[in-house]
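For reference, the structure discussed in these notes is given below.
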Amino acid sequence: MLEDAATSRDTAFPSPASDPVSDARYALRVGNGFLVLVSLTFGLIVLGALVRANEAGLACPDWPLCFGEVIPQIDVRVGFEWTHRAVAGSISLIFGALAWLALRRPHTRRASARLVGIGALLLVVQIGLGALTVWQLLASWTVTSHLVIGNTYALVLLWTACALREAGGPPIDRAPAPARVRVWVTVAALLLFAQLLLGGLVSSRYAGMVCPEWPTCNGGYWFPSFEGNVGLHLLHRLNGYALLAVLLVSAGVGWRVAGMRAVTLLTFVLGSAQLLVGIANVLLAIPVEVTALHSALAVALVLTVSLTVRSVWRSATVPGNPVGAT
Numbered sequence: 000m001l002e003d004a005a006t007s008r009d010t011a012f013p014s015p016a017s018d019p020v021s022d023a024r025y026a027l028r029v030g031n032g033f034l035v036l037v038s039l040t041f042g043l044i045v046l047g048a049l050v051r052a053n054e055a056g057l058a059c060p061d062w063p064l065c066f067g068e069v070i071p072q073i074d075v076r077v078g079f080e081w082t083h084r085a086v087a088g089s090i091s092l093i094f095g096a097l098a099w100l101a102l103r104r105p106h107t108r109r110a111s112a113r114l115v116g117i118g119a120l121l122l123v124v125q126i127g128l129g130a131l132t133v134w135q136l137l138a139s140w141t142v143t144s145h146l147v148i149g150n151t152y153a154l155v156l157l158w159t160a161c162a163l164r165e166a167g168g169p170p171i172d173r174a175p176a177p178a179r180v181r182v183w184v185t186v187a188a189l190l191l192f193a194q195l196l197l198g199g200l201v202s203s204r205y206a207g208m209v210c211p212e213w214p215t216c217n218g219g220y221w222f223p224s225f226e227g228n229v230g231l232h233l234l235h236r237l238n239g240y241a242l243l244a245v246l247l248v249s250a251g252v253g254w255r256v257a258g259m260r261a262v263t264l265l266t267f268v269l270g271s272a273q274l275l276v277g278i279a280n281v282l283l284a285i286p287v288e289v290t291a292l293h294s295a296l297a298v299a300l301v302l303t304v305s306l307t308v309r310s311v312w313r314s315a316t317v318p319g320n321p322v323g324a325t
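One point on numbering: in numbering that gives the first Met the number 0, the residue at position 124 of the sequence shown is 123, and numbering is uninterrupted.
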């Protein structure tokens, strides 16, 4: 049965004769293609923030056309919405082509099949959420889910690129990351996920200006209320402070670990920039440009934290690196 399954799989994805050098070069090329797709997805997420900041999410309320036309008359709001759709469609087509290339050869298929499958599932969900966001007239749950799934999709693309590039390079001798580094990096990832979720809720409910003064809220109160939009905004702020504190601790515990110093320091720098831009966004009454920068830094933080999580946990499971080694 296993032999029949293997034969069927190889028939579905025929590949040329295996050659180690050719396989390595092929894996690197496909991995680089996924890196390009990560960059395009990064840009799409920022473009989505611009759509939201310009209140353009319902500029083309019919789907998949725009006022019954494939390319409507373009103004600023329609231009943002239509361009967002066009770029999203292009990313879907590019993903399909890269997925076929990754699954075409056994060498790259072994390295990426699971991640490609997860990415395909997330892409289908993301497209569905995009349509629901318009049909449900920017309902809070659709906008927030769309943001979270979009960032998760970018993360999976990045991991796919890393897996393929590793398959095309020499074996990596990883020293085990200390358990304390793994713990703090994982806590940072969980807080970052919560921050994205809260940020999506704040944005979708237009709650970004319910506490315009800083650092207090509504007449000098630190905690005026944790109900409704005020509560969302305060939770978003407090979670941001907690995230930055954990990133600082992660940078501290990773400072003396080979290969961890640069990435943990980068995550702390990005987290600090994200917090400062978030404060500026409120104090400046949420201008479009600052909102876009805030979103760009958020995506960059997601990518760097996800790379760190992947690195520290993979280092704990390679041969000779027992989990929990210090």
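Cβ atoms here follow ideal geometry from the backbone N, Cα and C, with glycine treated the same way.
Query raised in the report: What residue from Val124, Leu197 and Phe33 has the CA that sits closest to Leu156's CA?
Result: What you label residue 156 is simply residue 157 of the sequence shown in a count that begins at 1. Per the Cα distances, Phe33.
**Report entry** Check whether His106 and Ala162 have beta carbons under 8 Å apart
**Finding:** Within the sequence shown, residue 106 is the residue found at index 107, counting from 1. Within the sequence shown, residue 162 is the residue found at index 163, counting from 1. No, Cβ-Cβ distance for His106 and Ala162 is not below 8 Å.
Query - Close beta carbons around Trp213, own chain, < 7 Å, minus the five adjacent residues each side - result: Working through the sequence shown from its first residue, we reach residue 213 at position 214. Short of 7 Å from the beta carbon of Trp213, and not among the five residues preceding or following it, lie these beta carbons of its own chain, in chain order: Ile278, Val281 and Leu282.
Report task. With DSSP as the reference, please indicate the residues paired to Glu68 in a beta bridge. Result -> Start at 1 with the first residue of the sequence shown, and residue 68 comes out as number 69. Residue pairing for Glu68: DSSP places it in a beta bridge opposite Cys65.
Query - Member of Glu68, Val50, Gly30 and Ser271 whose CA lies at the smallest distance from the CA of Gly78 - result: Taking the first residue of the sequence shown as position 1, residue 78 is located at position 79. Of Glu68, Val50, Gly30 and Ser271, the residue nearest in Cα terms is Val50.
Requested in this report: Enumerate in chain order the residues of its own chain whose CB-to-CB distance from Gly88 is below 8 Å, with the five nearest sequence positions on each side excluded.
Outcome: As a working note, residue 88 is residue 89 in the sequence shown. Result list for Gly88: empty, nothing under 8 Å.
Query raised in the report: Does the separation of the CB atoms of Leu200 and Thr143 fall below 8 Å?
Result: Counted from its first residue, the sequence shown places residue 200 at position 201. Counted from its first residue, the sequence shown places residue 143 at position 144. With contacts defined as CB atoms closer than 8 Å, Leu200 and Thr143 qualify as a contacting pair.
Query raised in the report: Between the region 146-160 and the region 67-76, are three or more C-beta pairs nearer than 8 Å?
Result: No contact exists between the region 146-160 and the region 67-76.
Query - Three or more C-beta pairs below 8 Å linking the region 176-195 and the region 293-312 - result: Flag = yes, the region 176-195 and the region 293-312 touch.
**Report entry** Residue range of the unbroken alpha helix (DSSP H) whose run includes Ser271
**Finding:** For the purposes of this step, residue 271 is taken as residue 272 along the sequence shown, with counting starting at 1. DSSP places Ser271 inside the alpha helix (DSSP H), whose first and last residues are Arg260 to Leu282.
Query raised in the report: Considering Ser224, what are the terminal residues of the alpha helix (DSSP H) in which it resides?
Result: Translated into positions along the sequence shown, residue 224 becomes position 225. Boundaries for Ser224: no alpha helix (DSSP H) harbours it, and the DSSP string shows neither H nor E there.
Query raised in the report: Straight-line CA distance for Met259 to Gly253?
Result: Start at 1 with the first residue of the sequence shown, and residue 259 comes out as number 260. Start at 1 with the first residue of the sequence shown, and residue 253 comes out as number 254. Spanning the two alpha carbons is a distance of roughly 5 Å.
Query - Residue(s) in a DSSP beta bridge with Cys216 - result: As a working mapping, residue 216 is identified with position 217 in the sequence shown. Note: Cys216 sits in a beta bridge opposite Tyr220.
Query raised in the report: Considering only C-alpha positions, which residue in the set Gly219, Asn238, Val209 and Thr215 is nearest to Glu226?
Result: Indexing the sequence shown from 1 puts residue 226 at position 227. For Glu226, the nearest C-alpha among the options comes from Val209.
Query raised in the report: Near Leu326, what residues of its chain come up, given a Cβ to Cβ distance below 8 Å and the 5 sequence neighbours on each side ignored?
Result: As displayed, the chain neither begins before 0 nor continues past 325, which places residue 326 out of reach and without an answer.
Query raised in the report: If you draw a straight line from the C-alpha of Leu97 to the C-alpha of Pro177, how long is it?
Result: Locating residue 97 in the sequence shown gives position 98, counting from the first residue. Locating residue 177 in the sequence shown gives position 178, counting from the first residue. Just so you know, the alpha carbons of Leu97 and Pro177 end up roughly 35 Å apart.
Query raised in the report: For the putative contact between Thr141 and Ser111, defined by C-beta atoms under 8 Å, what is the C-beta separation to the nearest angstrom?
Result: Stepping through the sequence shown from its first residue, residue 141 is reached at position 142. Stepping through the sequence shown from its first residue, residue 111 is reached at position 112. Rounded to the nearest angstrom, the Cβ distance from Thr141 to Ser111 is 30 Å, too far for a contact under 8 Å.
Query raised in the report: Could you check where the alpha helix (DSSP H) with Pro105 kicks off and where it finishes?
Result: Translated into the one-based positions of the sequence shown, residue 105 becomes position 106. In the DSSP assignment, Pro105 falls within the alpha helix (DSSP H) that extends over Pro105 to Trp134.
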